Amino acid sequence: MKIAETVTLKNELGLHARAAAKIVKVSDKYQSRVVIERDGMQADGSSILDILILACPKGSSLTIRADGADAEHAIDELRELIDNKFGEM
Amino acid sequence: MSTDELRETVVLKGIGVSPGIVCGKAYVLSRQEVRVPQYVLSTAALVPDEIERFHAALNASEKELAEIKETIKDLEGIGPMFIDINIMLLRDAAFVGKTEAKIREKHINAEWALNKTVEEYRQIFEGMADEYLKGRFKDVEDVAHRILRNLSGKKHEKISDISDEVIIIAKDLSPADTAQMSEETILGFAIDMGGKTSHTAIIAKSIEIPAVVGLERITAEIGTNDTIIVDGNSGVVIVNPSPDILKRYQEKKRHYVACEEDLLSTAHLPATTKDDYSITMGANIEFIEEIPSAVTHGASGVGLYRTEFIYVNKERLPTEEEHFSNYRKVIEGQGIEWATIRTFDFGGDKFMSDPRLAEEINPAMGLRAIRLCLREVELFRVQLKAILRASVHGKTGIMFPMISGVGELRAAKKIVDDVKRELLSEGVPISEDIEIGIMIEVPSAVMMAESLAREVDFFSIGTNDLIQYALAIDRVNERVTYLYRPLHPAILKLIKNVVDAGHSAGIKVTMCGEMAGDPMCTMVLLGFELDGLSMTPLAIPRVKRIIRESTLQESRKLLEEVMTFSQASDVEAYVETYMRKRFPEYLQGNND
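Respectively, the protein sequence lines represent chains L and A. So in our numbering the end of the first sequence lands on 173, straight run, no missing numbers. So in our numbering the end of the second sequence lands on 903, straight run, no missing numbers.
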């Protein structure tokens, strides 16, 4: 199953190291391949370096794609993580 | 004659951040110098072996990081998240894949391939516009360095592995490094970087080992096994001391220890001058574990409970129950008669456990402390609820940090009232005599002190920030630490304004910054007729003794005299001379 969803980053610091690390942790939990896309640039959801290099500030619009049997769950959890501002204050 | 005696004595001055004197062998933590051989593999058949060697180094590096994570996980506040990030970088598919590809395609050794990969990332990161993200390259470099060292077969110097009694010398120590230090083996430390209020300094103080920071070039002046004296009282570090100096310092150390024991024996006596002026003596703490030490050192209460550590490095926000259990333990702590809890003061050097991560975010004047609380009200409410609930367990004060004017204070008080009403309507008991106060640390609050005083029960002067904001000094920038002068006439005037405004409104005015614990300043502060001081526990016995041996009258006179000076250096010189003469036995450790 292939799913894609577009989300907006709401946390103050954008995709900083700890936030990127949380995305990697979630991506690694699922069999599906997770890709984060911004302005045509793609990052492997399991690569913290890839995600950092996307250089997403607050307000960026990201497309999350997941491809695999559990794609739906992966997207759900990633969306929740991003909507909850990665647990930041 | 041994070669030791031929070594030149070097004296360096830094900032003493944790008191005590220690003499011993230096142990230089060198984490930057690994020689990297670069060569082409003699035959393509060696490629699989080389890739395996690379993976072995990755495994060894991950194991090291996992071990560090283990050793620090118990210490509250120094969470393992930044180590997880390092492990992720180490295991990053792109990072590992690129390096492997180079070994495979170019037949070069793993070190060379790794360096090439790191270079590629350097280019990418340097091209980024965002300063914070740019700085993340340092993490990539650190991880690469760890892998390179493992490729070279060298072991990582983990502080918890050191078994001899040594004094640690390093360019910088992360709070994680400091947290691994055990009193039995680490006698003290001296480092190039850092300032008085850095996180590393705070931890050194809490584990009670002498420490000097901000030495700038100690790592260049010393080698492992050199003899070194670290005087955490004065900030002086002496490398390869001559026998004379060594003897003098050993004597000094004996004095200091004896003095400490002597001082401790009277630490429980009240902080009352000979002419019967009493002030309250509080301790500044941030861990529950510090309470016993605060009590034995003579604190009657907690003048400043820093709550940031409840939040730092948690995967999620702390629950109300987590807050509550901390506050309750402080409020009903054995021997603690009262406790003032500062609502959270996030930002700056307290933001993250890794100083390198923190340096990118510069919130000293940003969205922090009360500003953040008033914006993220729910967060604030959770903390307030917990404090209010805990208030039935003992005398409680709530203190708002970084208040810059009446508007913020009213907004914060309104939230307290709302939360109070809610709790009461739910039948939750709350103490009836909770005091509400504010930190005075923003110059505008000093100017508005009269208005502010009408709406609170107490002021507590936070000198660290007040000095930083009033004198325009970035307190983590060691190039300007020389400007950080508590006895600057401007600071004295600010304090006077605050005390006058508070007292004419009939409220208590206390001080909880570093200045409160500096024995050199004790009589000057007494002269202001402050109602209380709160300081790091170790500083209390000495300050108390000075108070007990002075009079309010002479303190007033001293203050009056120095208030006529217009230069910081004049005030300092006068106060130092006066205090050294007046209390030679308590202040001899401070300078030479």
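Glycine is no exception: its CB is placed at the ideal position from the N, C-alpha and C atoms. Model, not experiment: these values are computed from the prediction.
Can you name the residues of chain L whose CB is closer than 8 Å to the CB of residue 406 of chain A? 131, 133
Any heavy atom of the ligand COA closer than 7 Å to the beta-carbon of residue 681 of chain A? No copy of the ligand COA appears in this structure; indeed no ligand is present at all.
Where residue 434 of chain A falls: helix, strand or coil (DSSP): helix
Would you call the CB atoms of residue 701 of chain A and residue 635 of chain A closer than 8 Å? yes
Determine, for residue 395 of chain A, whether the minimum Cβ-Cβ distance to residues of chain L falls below 8 Å. yes
Using a Cβ cut-off of 9 Å, pull out every chain A residue sitting near residue 119 of chain L, in sequence order please. Going along chain A, no residue has its Cβ under 9 Å from residue 119 of chain L, so there is no contact; the nearest lies around 13 Å.
When Cβ atoms are compared, which residues of the stretch 601-624 of chain A fall closer than 8 Å to chain L? 622
Unbroken alpha helix (DSSP H) runs of length 4 or more, entirely within the stretch 477-553 of chain A: which are they? 486-490, 510-517, 529-532
If you compare alpha carbons, which of A/488, A/355, A/754 is closest to residue 378 of chain A? A/488
Within 8 Å, strictly: CB atoms of residue 801 of chain A and residue 827 of chain A: no
When you check each C-beta in the stretch 444-465 of chain A against every C-beta of chain L, which residues fall closer than 8 Å? 444, 447, 450, 451
According to DSSP, what are the bridge partners of residue 323 of chain A? A/548
Skipping 5 residues on each side, what residues in its chain have a beta carbon closer than 7 Å to that of residue 338 of chain A? 473, 477, 478, 479, 480, 535
Grouping DSSP H, G and I as helix and E and B as strand, with all else coil, what is residue 388 of chain A? Residue placement at residue 388 of chain A is poorly supported in this model, since its pLDDT is 47, which falls under 50; the coordinates still yield a value, given next. Reduced to three states, the DSSP call for residue 388 of chain A is coil.
Count the other CB atoms within 10 Å of the CB of residue 568 of chain A; is the residue buried (16 or more) or exposed (fewer)? exposed
Exposed unless 16 or more other CB atoms sit within 10 angstroms - verdict on residue 595 of chain A: buried
Using a Cβ cut-off of 8 Å, pull out every chain L residue sitting near residue 435 of chain A, in sequence order please. 137
For the candidate residues A/603, A/637, A/819, whose alpha-carbon lies nearest to that of residue 589 of chain A? A/819
Output the distance between the C-alpha atoms of residue 166 of chain L and residue 725 of chain A, rounded to the nearest integer angstrom. 32 Å
DSSP three-state label for residue 832 of chain A, please. helix
Since residue 447 of chain A is in the beta strand (DSSP E), which residue starts that stretch and which ends it? Looking at the DSSP string, residue 447 of chain A is not in any beta strand (DSSP E), and its letter there is neither H nor E.
Could you list which residues in chain A have their beta carbon closer than 7 Å to that of residue 103 of chain L, in chain order? Near residue 103 of chain L there are no residues of chain A at all, since even the closest Cβ is about 11 Å away, more than 7 Å.
Buried or exposed by the 16-neighbour rule on C-beta atoms within 10 Å, applied to residue 416 of chain A: exposed
Alpha carbon to alpha carbon, how far is residue 738 of chain A from residue 518 of chain A? 42 Å
Establish whether the CB of residue 400 of chain A and some CB of chain L are separated by less than 8 Å. yes
In the DSSP assignment, find the beta strand (DSSP E) that holds residue 819 of chain A and state where it starts and stops. 819-822
So, is the C-beta of residue 425 of chain A closer than 8 Å to a C-beta in chain L? no
So, is residue 366 of chain A buried or exposed, given that buried needs 16 or more other C-beta atoms within 10 angstroms? exposed
How big is the Cα-Cα spacing for residue 797 of chain A and residue 803 of chain A? 8 Å
Beta-carbon proximity check, residue 609 of chain A vs residue 649 of chain A, cutoff 8 Å: no
In chain order, what residues of the same chain have a beta carbon less than 8 Å from the beta carbon of residue 869 of chain A, not counting five sequence neighbours either side? 834, 835, 838, 886, 889
With DSSP as the reference, label residue 131 of chain L as helix, strand or coil. coil
How would you call residue 350 of chain A, buried or exposed, if buried means at least 16 neighbouring beta carbons within 10 angstroms? exposed
Taking only three categories from DSSP, how would you classify residue 905 of chain A? The structure shown does not extend to residue 905 of chain A, since chain A is modelled only from 312 to 903, so the question has no answer here.
When we look at the beta-carbon of residue 873 of chain A and count the other beta-carbons within 10 Å, is it buried (16 or more) or exposed? buried
Burial state of residue 503 of chain A (16 or more Cβ within 10 Å): buried
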